[in-house]
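2 protein chains.
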Amino acid sequence: MGQSIECPNEAWKQHKILTIAVDIGGSLAKLVFFARGAGKLVFQTIETEKISEFMLMMHEIINTQENGSQSNVRIVATGGGAYKFHDLLCQEFPDVVEIARLDEMECLIKGLDYFIHEVPEEVFTYNDLDGEHAVVPEHAKVYPYMLVNIGSGVSIVKVDAPAQYTRVGGSSLGGGTLWGLLSLITGAQTYDEMLSWAQGGDNTQVDMLVGDIYGVDYGKIGLKSTHIASSFGKVFQRGTVKDSTTPDTMSSAETSTKGIQSRKRKFNNADISKSLLYAISNNIGQIALLQAKLHNVPNIYFGGSYIRGHLMTMNTLSYAINFWSSSQKQAFFLKHEGHLGAMGAFLTFQS
Amino acid sequence: MGQSIECPNEAWKQHKILTIAVDIGGSLAKLVFFARGAGKLVFQTIETEKISEFMLMMHEIINTQENGSQSNVRIVATGGGAYKFHDLLCQEFPDVVEIARLDEMECLIKGLDYFIHEVPEEVFTYNDLDGEHAVVPEHAKVYPYMLVNIGSGVSIVKVDAPAQYTRVGGSSLGGGTLWGLLSLITGAQTYDEMLSWAQGGDNTQVDMLVGDIYGVDYGKIGLKSTHIASSFGKVFQRGTVKDSTTPDTMSSAETSTKGIQSRKRKFNNADISKSLLYAISNNIGQIALLQAKLHNVPNIYFGGSYIRGHLMTMNTLSYAINFWSSSQKQAFFLKHEGHLGAMGAFLTFQS
């Protein structure tokens, strides 16, 4: 994910102006530029919290590509941070040709359009059964499509034609929610730590399944006993074993490197991580699917930095789209999922 | 909520058989019976975990109403526990006339129909601006409606006519999820503790708002700066102040009666509770609304034991329905929200 792209467009090698495109979101700041010497599109990311370091990254690019001179440099910014950090950008780069601010949705769509049509091996499908398959969307059948951009939060955009789009909805239960909950409950320090824990977890220790409520399938409405009825639904249960050494006044949750003890019952970090990864991912998938049904759109592209190439996450999203649409709709993923906005911002000034 | 109902049906006073209707769900076991002497429908609830005490409650009713004799008693059970605890019911009540198992969805709809049509003061609307208003649905305009039943998980049922319904979807992010997350994170012991904390909380300490990302409104797509972009989105941020007394090896989350310390930043229980109450409630509201749009249904009834008369929760659900439908659809609440299934089970044997 996020690998540099070789020789994408010969014309770009001739441009005099170095364009540095940035997409500064709630959690992550993304950057794209074209390294003319190497003939590569380069993609970088850092936490928005480390905004000073992000400025340094941009200075470094100017040092390497332009010998430190800002006079042939253009900065194109999108995302919320294009507004929030506009003054900072002006302070840090007073001698650039321009600092442009572009609309986030417009850049997302422009970037996605580029990746779909111009970059082979960019779009792919994935589920555990079929594995990964590169997709070259047939030009006649690309539109309309839906982009579900999962960052700190979720934006859902319907695209009818190039540059013709509507933000039809979104959700506040996004990447920021998952990382926030997991970092607080498990003490995990990085996204990848949480994702690797989820890999080895058993969510049935934490989730309440249909089988837990019924004892059997609820076949009449098509729900198998393994279907999750209530995410995290087993956690509030007090259990029947009272630990007499635990005084009633002691706070019922204490952390450890292994897990959290609650109400005399221990839940481990791996199980918690898997449960919440499923909960957030399934929910995004369901909302995406309901919107796709509402707007009659067959193809759903998942963008944003949430997925990070994690197979379990992609399988969950694919399954949600498949299950809720009775296989009528398709989920697509992107190698440069987190850089759609930055790519669109970059392209705006490449004629 | 859950108050007994006086003299609902004169004919019931003549019945020889005492019907005890139970709806045993993932978290709560609900019960309804008609006390002939007092002429009242009585409603009771206890945690499903306390199943032995639930059996004792049922024995107590038989003691009081039938002098302990089971021979004129019928038990009607619905919910998952009707299957899971069938053997236990047979063991505890070997001499009753019958122990019937009825489908959960069918009972929910039957009970809701009864409450809508036969019990004045049952259905109401609520939002902070307009307050509470009793509603008597016009008979000609009742159907079709949607029932969003929020228990441990969520079921969404479309009702086209009496006894004509389809479960169109649901969500695993329900009451069980909220109580599980809050009990684990805050150490709260009861639903009402969590709800009262939420009342006094400030979710903006925990949630990432549009304004936090943009600095201003994102007016172009109709999102105000106060709109929640990412629930719990502020929690994963590391912050800039490093607490030098905190060794790196120490687990970053510890609980206290006040809150949880994470990454050198403290989040208090009230703010966490409000954030998650909003997150879960808004999400249910959004999914309900998308389903209502998809199925062209104007009226949405919220059932199940999740709401518990909590004004903030009802306002959140009403706002979600209102906002996402541009005021085209309406949210309704019920005084006996948790007893729809038990009521429907009871009614099945009252001819």
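Chains as they are written, first to last, in my numbering: chain A, 1362 to 1712; chain B, 1362 to 1712.
For every residue, glycine included, the Cβ atom is placed at its ideal position computed from N, Cα and C.
Alpha carbon to alpha carbon, how far is residue j from residue i? Give it in angstroms, no decimals.
i, j, result
"residue 1434 of chain B", "residue 1366 of chain B", "21 Å"
"residue 1697 of chain A", "residue 1424 of chain A", "25 Å"
"residue 1503 of chain A", "residue 1390 of chain A", "29 Å"
"residue 1432 of chain B", "residue 1385 of chain B", "23 Å"
"residue 1591 of chain B", "residue 1643 of chain A", "17 Å"
"residue 1448 of chain B", "residue 1692 of chain A", "44 Å"
"residue 1393 of chain A", "residue 1383 of chain A", "6 Å"
"residue 1371 of chain B", "residue 1380 of chain B", "15 Å"
"residue 1630 of chain B", "residue 1670 of chain A", "34 Å"
"residue 1676 of chain B", "residue 1497 of chain B", "20 Å"
"residue 1483 of chain B", "residue 1695 of chain B", "5 Å"
"residue 1538 of chain B", "residue 1401 of chain A", "46 Å"
"residue 1685 of chain A", "residue 1470 of chain B", "23 Å"
"residue 1499 of chain B", "residue 1512 of chain A", "45 Å"
"residue 1521 of chain A", "residue 1661 of chain A", "13 Å"
"residue 1564 of chain A", "residue 1472 of chain B", "34 Å"
"residue 1678 of chain A", "residue 1646 of chain A", "5 Å"
"residue 1550 of chain B", "residue 1540 of chain B", "9 Å"
"residue 1705 of chain A", "residue 1363 of chain B", "56 Å"
"residue 1614 of chain B", "residue 1548 of chain A", "With a pLDDT of only 35 at residue 1614 of chain B, under the threshold of 50, the placement of this residue in the model should not be trusted; the figure read from the coordinates follows. In a straight line, the C-alpha of residue 1614 of chain B is about 6 Å away from that of residue 1548 of chain A."
"residue 1557 of chain A", "residue 1632 of chain A", "11 Å"
"residue 1443 of chain B", "residue 1413 of chain B", "15 Å"
"residue 1406 of chain A", "residue 1490 of chain B", "44 Å"
"residue 1375 of chain A", "residue 1703 of chain A", "21 Å"
My output table needs one value for residue i: the three-state DSSP class, helix, strand or coil.
i, result
"residue 1456 of chain B", "coil"
"residue 1651 of chain A", "helix"
"residue 1588 of chain B", "coil"
"residue 1606 of chain B", "In this prediction, residue 1606 of chain B has a pLDDT of 36, which is less than 50 and means its spatial position is unreliable; nothing more can be read from the coordinates."
"residue 1519 of chain A", "strand"
"residue 1485 of chain B", "strand"
"residue 1612 of chain A", "Its pLDDT being 33, under 50, residue 1612 of chain A is placed unreliably in this model, and the value from its coordinates should be taken loosely. Three-state DSSP puts residue 1612 of chain A in coil, outside helix and strand."
"residue 1367 of chain A", "strand"
"residue 1421 of chain B", "helix"
"residue 1407 of chain A", "strand"
"residue 1601 of chain B", "Unreliable positioning characterises residue 1601 of chain B in this predicted model, as indicated by a pLDDT of 34, which lies under 50. The coordinate reading is nonetheless provided below. Coil at residue 1601 of chain B, not helix or strand."
"residue 1430 of chain B", "coil"
"residue 1636 of chain B", "helix"
"residue 1711 of chain A", "coil"
"residue 1686 of chain A", "coil"
"residue 1448 of chain B", "helix"
"residue 1667 of chain B", "coil"
"residue 1617 of chain B", "Confidence at residue 1617 of chain B is low in this model, with a pLDDT of 30, below 50, so the placement of that residue is unreliable and no value is reported for it."
"residue 1576 of chain A", "coil"
"residue 1375 of chain B", "helix"
"residue 1676 of chain B", "helix"
"residue 1499 of chain A", "coil"
"residue 1657 of chain A", "coil"
"residue 1705 of chain B", "helix"
Name the DSSP beta bridge partners of residue i, please?
i, result
"residue 1662 of chain B", "B:1508 and B:1693"
"residue 1396 of chain B", "B:1401"
"residue 1435 of chain A", "A:1380 and A:1459"
"residue 1385 of chain B", "B:1390"
"residue 1569 of chain A", "A:1591"
In the DSSP assignment, find the unbroken alpha helix (DSSP H) run with residue i in it and report its ends.
i, result
"residue 1557 of chain B", "1552-1560"
"residue 1513 of chain A", "Here residue 1513 of chain A belongs to no alpha helix (DSSP H), and DSSP marks it neither H nor E."
"residue 1541 of chain A", "1536-1547"
"residue 1722 of chain A", "What the structure shows of chain A is the stretch from 1362 to 1712, and residue 1722 of chain A is not part of that stretch, so it cannot be assessed."
Show which residues of chain B have a CB atom less than 8 Å away from the CB atom of residue i.
i, result
"residue 1538 of chain A", "1591, 1592, 1593, 1594 and 1640"
"residue 1673 of chain A", "Neighbours of residue 1673 of chain A on chain B: none; closest Cβ ~16 Å, over 8 Å."
"residue 1654 of chain A", "1655"
If you follow the beta strand (DSSP E) that residue i is part of, which residue opens it and which one closes it?
i, result
"residue 1525 of chain B", "1525-1532"
"residue 1492 of chain A", "1492-1495"
Name the chain B residues whose beta carbon is nearer than 9 Å to that of residue i?
i, result
"residue 1648 of chain A", "1644, 1647, 1648 and 1651"
Under 8 Å Cβ-Cβ, which residues of chain A neighbour residue i?
i, result
"residue 1519 of chain B", "The premise fails here: residue 1519 of chain B is roughly 13 Å from chain A at the closest Cβ pair, so nothing lies under 8 Å."
"residue 1412 of chain B", "By Cβ distance, chain A contributes nothing, its closest Cβ being about 10 Å from residue 1412 of chain B, past 8 Å."
"residue 1407 of chain B", "Within 8 Å Cβ-Cβ: nothing; residue 1407 of chain B doesn't reach chain A, min ~13 Å."
"residue 1418 of chain B", "In chain order: nothing, as chain A lies at least about 18 Å away."
"residue 1513 of chain B", "1569, 1574, 1590, 1591 and 1594"
Which chain A residues sit within Cβ distance under 7 Å of residue i?
i, result
"residue 1598 of chain B", "1410"
"residue 1535 of chain B", "1591"
Just to make sure I have the definition right: I need the residues of chain B whose C-beta is within less than 7 Å of the C-beta of residue i. Which are they?
i, result
"residue 1577 of chain A", "1444"
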